[in-house]
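A.B. asks: The structure's right below; bear with me while I get my questions together.
2 protein chains.
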Amino acid sequence: MNARRRGHMPHELVFLPLGGTGEIGMNCYCYGTGPADARQWIMVDLGVKFGEEADPGIDVILPDVGYIAAERSRLHGLVLTHAHEDHLGAVAWLWPQLQCPVYCTPFAAQILALKLKEAGLDSDVPVKTLPVGSRFAAGPFSLEFVSVTHSTPEPTALLVETKEGRVLHSGDWKIDRTPGMGAGIDEKRLRELGDRGIDALVCDSTNALRAGHSPSEADVARRITSLVRKANGRVAVTTFASHVERITTAIRAARSVGREVVIAGRAMRNTIEAARACGMLVDSGRLLDEEEFGYLPPDKVLLLCTGSQGEPRAAIARIAEDQHPHVALEPGDMVIFSSKTIPGNEKEVGRVLNNLARLDVDVITGEDDLVHSSGHPRQEELALLYEWVRPKALIPMHGEPRHLRAHRNFAITRGITDVMIPRDGRILRLAPGLLEEIDEAPFGRLHVDGRLVVPGEDGPARQRRKLAVVGTVFVSVVVNVRNDLAAPIELLTDGVPQGLETELLEASEQAFGSTPKPRRKDRAALAETIRTAVRRAADLTWGKKPIVKVIVTEV
Amino acid sequence: MNARRRGHMPHELVFLPLGGTGEIGMNCYCYGTGPADARQWIMVDLGVKFGEEADPGIDVILPDVGYIAAERSRLHGLVLTHAHEDHLGAVAWLWPQLQCPVYCTPFAAQILALKLKEAGLDSDVPVKTLPVGSRFAAGPFSLEFVSVTHSTPEPTALLVETKEGRVLHSGDWKIDRTPGMGAGIDEKRLRELGDRGIDALVCDSTNALRAGHSPSEADVARRITSLVRKANGRVAVTTFASHVERITTAIRAARSVGREVVIAGRAMRNTIEAARACGMLVDSGRLLDEEEFGYLPPDKVLLLCTGSQGEPRAAIARIAEDQHPHVALEPGDMVIFSSKTIPGNEKEVGRVLNNLARLDVDVITGEDDLVHSSGHPRQEELALLYEWVRPKALIPMHGEPRHLRAHRNFAITRGITDVMIPRDGRILRLAPGLLEEIDEAPFGRLHVDGRLVVPGEDGPARQRRKLAVVGTVFVSVVVNVRNDLAAPIELLTDGVPQGLETELLEASEQAFGSTPKPRRKDRAALAETIRTAVRRAADLTWGKKPIVKVIVTEV
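Quick look at the structure:
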């Protein structure tokens, strides 16, 4: 308990984000009810963020949930709004700290089960599977999965109700009136909730900078079908592996012109399996394995594959490098990138596009044609949700600071006056009364580094970022009891320009030689003197000071 | 001489790119004339490319011009088409290898002079300054600087004429009929050259994927002026430091509403000084220093500053972090990004945009309004140039493979049948006859690493890329003549998760202990045994194999 505010302890409904308010991904939000000294909690979503160049060697970043873990006796559940990695990818890593029931829809449960199994946790985690539309309770929280539309099956908004108030947590959503699958967005229920009164809408801001209404999946389906109809050669469609609706769209396009469908990429296979286990993709017919691709005539095949973000080991990247064991494309073939390039992946996607250009394959991306539509609401969709739900207050979530600010400014233009941009680790009171930041909680980042979870802020990635720029030098100095060298100093480098070793070794020797014998007794000081001398010598010639490690051994 | 083709040695006009045919930046093209065993050369442009995450610690990448340097007795000059870094930034690094005269326009000469001075080469390099429109000779080459329009002053296309043929090397260009400054694109001369006959057009492909005609600087000026007129608070405009035309546009917009102009950023100051030395910016009035910013009323100031690509130390990045010593922005102020985000810089630019959002400052980018226009030709501009010049053959240059391919395909639709996508290191015959790849030359990349120029392909950056992912472990082992340990093994790590040291040290000790004494005599083999054991132990716990350096010292 880090709560600083004490006093008469009013009962409050509070919001505490531990991730997802200043960057894309790593969604993790907590709702609390009751008095500050005995808050009851639920957590909504527990996602990952993928590592960037700034964190070399880190594939996955997790929110630090230590604050809630310390209060886990009063944590009544983790609710997952949908099956995307940035909403459930951290569960297998962090559930052992939380030890609470996990509530989700059947499709999310299927995706989660795979991850829990890999982590050896499948028999430990109590997963409560509930269909879209379910109302359920977790401790003092009354909850409801409200159906919305998004880019993976069974997306939900979550109604969070306590005796202090009612909040609608939007999850990831858009308004698609003609989706390719699923229950659609439950306008009727959302209007009903609006009639009953919503104290705060905690709402997706990803596309708040964009005016208008996003295209429907039906529009995308028409364009993809039209492109596939016109194609004479092979067609490959790459999209997000979890986008079952888009997978359906591509399969229907293929079937409409009598093309077989081949699937490449493990993640897409897993998604398809999970979808089928939930009764989806029932009319999709037989989906072929990549081994069969080469036996089909070019105009009788459509490949559905992973790699739309340029992931170097994914199917389309290997195909573009002509390194795929079973799939090869030729001039006249076509690749459709039915996806958006997530900011930060431009270089990687560009590399794949360039490799496809080298193969002389035609490429269609979302910049060329309507072959993708985002799963997040643009401004007119936000306005519609405001109209349905009529929230007293708005909290923009999901997005970088510029998206949150744009969402705030837009909401104000639409008449919502009580708007507050949340920050990770800040406890906001949602009800009663106006939004107010009332307290702070510790929060942070964890890195998945190899198989280990390590601190994100001051962990090994930070040291490696430095190594990446300046390289390293290793000096071994062996001294005898008379404080003389017992053997010549030895020096090795890595990541340092060739030819520098001699100079650096001489600098070590000079630093040793010029240290008076009595002062060599302080081995740590001797090591530091040599370290400084080597760094100075490197800087002089190279203009960089490497990481220098000196070991002084006494024999 | 690497020429493989021998025989009767016909006289040919050839093209040899050493950079700029498969990536953005690092333009370096050579033209050769005469027989293959005694080719006379000129080089056109010698630019840098900026380092990326894939090359940690490398700011600048240079083309390896060793092949031409080895033939420098027959190299008659280096011609610079304009003053951009990716066209002249490598001269100060590589001229010592080439030792030839450098031909350029006055503005490029000013920019180059700064660089040569920094490198201590200003009195060595014979720079021949020639105004736009000049015709000149370099050895057997007749050359002409033809005026075009682009995003820096005095851009030129280069006519290269030898007794075998005539080539138009487009440089970077667009067709702007209403530029903000400069001589404009010399349609009349280009048509005349077309009348005389152009064997090959070697042409900018950067925007070949884009249909239509790019907006004029006059259009951009109208929009920027309109935004500045409407602004009530401070206005900052960030653009490419070298874009004197845009700087002029912003200054005029400021003057039109009585705002003072403050300049922030060394690169922009240098450009302005160079421009003034060439008689440009004469009517721009007094430009203030950043120290004066704070004393001006918000509605009486316009800041022109560097950092449009998100460079972390540039003015706008520091302003956005509220860390600039003299400039602070507040809610209600406006920043115009009068620039395009160069692919690969999205994250960095995003960081600045997010920081500005945190300051609650309004931001206008090229995605929101017409506040930038590219300096490269879109398809209809390409078509116009084809029409003027009527080249027999086309060689797409400047661009990634997908841009080169798009340019080739577009040219074919416009009736040019002899089109060939060039590749770095491949010698193309331009005349006589059809385009043909006739030979290869060695080429490569050099890295500027600190103060040193090092090999790009197999240099220290490659080692550091590995260090960045797996970290490093140092092990010092001191053995005596009996092949026993003379002191305990010592081990240090960097970039490795904490707590692993003990395990790794134990692995070292076990590896030493389990090596029979006689086999310890082979110190290199002993070191390798320990290295392997440490890597295996790290992999077991961590899932990664660090770079392990073992020094075995004998006392």
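Just so you know, the sequences run in chain order A and B. Read left to right, the first sequence gives residues 98 to 652 (my numbering). Read left to right, the second sequence gives residues 98 to 652 (my numbering). Cβ coordinates follow ideal geometry from the N, Cα and C atoms, glycine included.
Roughly how many angstroms separate the alpha carbons of G262/A and A490/A, rounded to a whole number?
C.D. replies: So the alpha carbons of these two residues sit roughly 12 Å apart.
A.B. asks: Looking only at its chain, what residues have a beta carbon closer than 7 Å to the beta carbon of R475/B, apart from the 5 residues adjacent to it on each side?
C.D. replies: Around R475/B: N304, R307, A308, G309, H310, S311.
A.B. asks: For the 8 Å Cβ check, are there 3 or more pairs between the region 574 to 591 of chain A and the region 541 to 550 of chain B?
C.D. replies: Segments in contact, no.
A.B. asks: Would you call the CB atoms of G148/B and V157/B closer than 9 Å?
C.D. replies: Contact flag set, yes.
A.B. asks: Do L227/A and C201/A count as a contact pair if the criterion is CB distance below 9 Å?
C.D. replies: It is a contact, given that the beta carbons lie within the stated cut-off.
A.B. asks: Go ahead and pull the three-state DSSP assignment for L637/A.
C.D. replies: Here L637/A sits in helix by DSSP.
A.B. asks: Per DSSP, V199/B is paired with what?
C.D. replies: Paired residue(s): L175/B, V224/B.
A.B. asks: Establish whether the CB of L453/A and some CB of chain B are separated by less than 9 Å.
C.D. replies: Interface residue, yes.
A.B. asks: If we define contact as Cβ-Cβ less than 9 Å, is N304/B a contact residue for chain A?
C.D. replies: Answer no: the Cβ-Cβ gap between N304/B and chain A never drops below 9 Å.
A.B. asks: Kindly list, in the order they appear in chain B, the residues whose Cβ is closer than 7 Å to that of R548/A.
C.D. replies: What R548/A touches in chain B: W639, G640.
A.B. asks: Rounded to the nearest angstrom, what separates N99/B and I492/B at their Cα positions?
C.D. replies: For N99/B, the predicted model reports a pLDDT of 45, less than 50, meaning its position is unreliable; a value from the coordinates is still stated below. So the alpha carbons of these two residues sit roughly 23 Å apart.
A.B. asks: Taking only beta-carbon atoms, is M98/B less than 9 Å away from chain A?
C.D. replies: With a pLDDT of 42 at M98/B, under the threshold of 50, the modelled position of this residue cannot be trusted; read the value that follows with caution. So no, M98/B is outside the interface.
A.B. asks: Hey, does S405/A have any beta-carbon neighbour from chain B nearer than 9 Å?
C.D. replies: S405/A does not count as touching chain B.
A.B. asks: I'd like to know if the region 202 to 220 of chain B and the region 366 to 375 of chain B are in contact, where contact means that at least 3 CB-CB pairs between them fall below 8 Å.
C.D. replies: They touch, by the three-pair rule.
A.B. asks: Rounding to the nearest angstrom, what Cα-Cα distance links N700/A and N451/B in this structure?
C.D. replies: Because chain A spans 98 through 652 in this model, residue 700/A falls outside it and cannot be assessed.
A.B. asks: For L277/A versus T335/A, is the C-beta spacing smaller than 9 Å?
C.D. replies: According to the sequence shown, residue 277/A is Gly rather than Leu. No, Cβ-Cβ distance for G277/A and T335/A is not below 9 Å.
A.B. asks: According to DSSP, simplified to helix, strand and coil, what is H247/B?
C.D. replies: In the structure shown, H247/B sits in coil (DSSP, three-state: anything other than H, G, I, E or B).
A.B. asks: With a cut-off of 9 Å, does the C-beta of G463/A fall near any C-beta of chain B?
C.D. replies: No, its Cβ sits nowhere closer than 9 Å to a Cβ of chain B.
A.B. asks: For the structure I just gave you, are there three or more beta carbon pairs, one from the region 534 to 544 of chain A and one from the region 320 to 337 of chain A, closer than 8 Å?
C.D. replies: No, the region 534 to 544 of chain A is not in contact with the region 320 to 337 of chain A.
A.B. asks: Please classify K212/A as buried or exposed, where buried requires at least 16 other C-beta atoms within 10 Å of its C-beta.
C.D. replies: By the 10 Å Cβ count, K212/A comes out buried.
A.B. asks: How about D591/A and T569/B: do their beta carbons lie closer than 9 Å?
C.D. replies: For D591/A and T569/B, yes; Cβs fall inside 9 Å.
A.B. asks: Taking the Cβ atom as the reference point for each residue, do H544/B and I155/B lie within a distance shorter than 9 Å?
C.D. replies: Yes. Within cutoff.
A.B. asks: Run through DSSP, which three-state label would E443/B get?
C.D. replies: Reduced to three states, the DSSP call for E443/B is helix.
A.B. asks: What does DSSP give as the partner residue(s) for R263/A in the beta ladder?
C.D. replies: Answer is E258/A, bridged to R263/A.
A.B. asks: Compile a chain-ordered list of the residues in the region 578 to 604 of chain A whose CB is closer than 7 Å to at least one CB of chain B.
C.D. replies: Cβ contacts with chain B come from A583, A584, E587, L589, D591, G592, V593, P594.
A.B. asks: Strictly under 9 Å for the Cβ-Cβ distance: is K646/A near chain B by that measure?
C.D. replies: Chain B contact via Cβ: present.
A.B. asks: Pull up the distance between the alpha-carbon of M106/A and that of E464/A, whole angstroms please.
C.D. replies: Cα-Cα distance, rounded: 54 Å.
A.B. asks: Using a beta-carbon distance below 9 Å, is K444/B in contact with chain A?
C.D. replies: Answer yes: the Cβ-Cβ gap between K444/B and chain A drops below 9 Å somewhere.
A.B. asks: Helix, strand or coil for E150/A? Go by DSSP, reduced to three states.
C.D. replies: Three-state result, E150/A: coil.
A.B. asks: Can you give the Cα-Cα distance for G117/A and N124/A, rounded to whole angstroms?
C.D. replies: Their Cα atoms are separated by approximately 4 Å.
A.B. asks: Count the other CB atoms within 10 Å of the CB of Q607/B; is the residue buried (16 or more) or exposed (fewer)?
C.D. replies: Counting Cβ neighbours within 10 Å, Q607/B comes out exposed, since fewer than 16 surround it.
A.B. asks: Determine whether the beta carbon atoms of P132/B and H173/B lie at a separation below 9 Å.
C.D. replies: No, Cβ-Cβ distance for P132/B and H173/B is not below 9 Å.
A.B. asks: Looking at the unbroken beta strand (DSSP E) that takes in V157/A, where does it start and where does it end?
C.D. replies: First-last of the beta strand (DSSP E) with V157/A: 157 to 160.
A.B. asks: So S323/A is in the alpha helix (DSSP H); what residue range does that whole segment cover?
C.D. replies: Per DSSP, S323/A belongs to the alpha helix (DSSP H) from 314 to 327.
A.B. asks: Do V468/B and V354/B count as a contact pair if the criterion is CB distance below 9 Å?
C.D. replies: Taking 9 Å as the Cβ cut-off, V354/B and V468/B do not qualify as a contacting pair.
A.B. asks: Could you tell me whether the Cβ of T70/A comes closer than 9 Å to any Cβ of chain B?
C.D. replies: Nothing can be reported for residue 70/A, as the shown portion of chain A is limited to 98 through 652.
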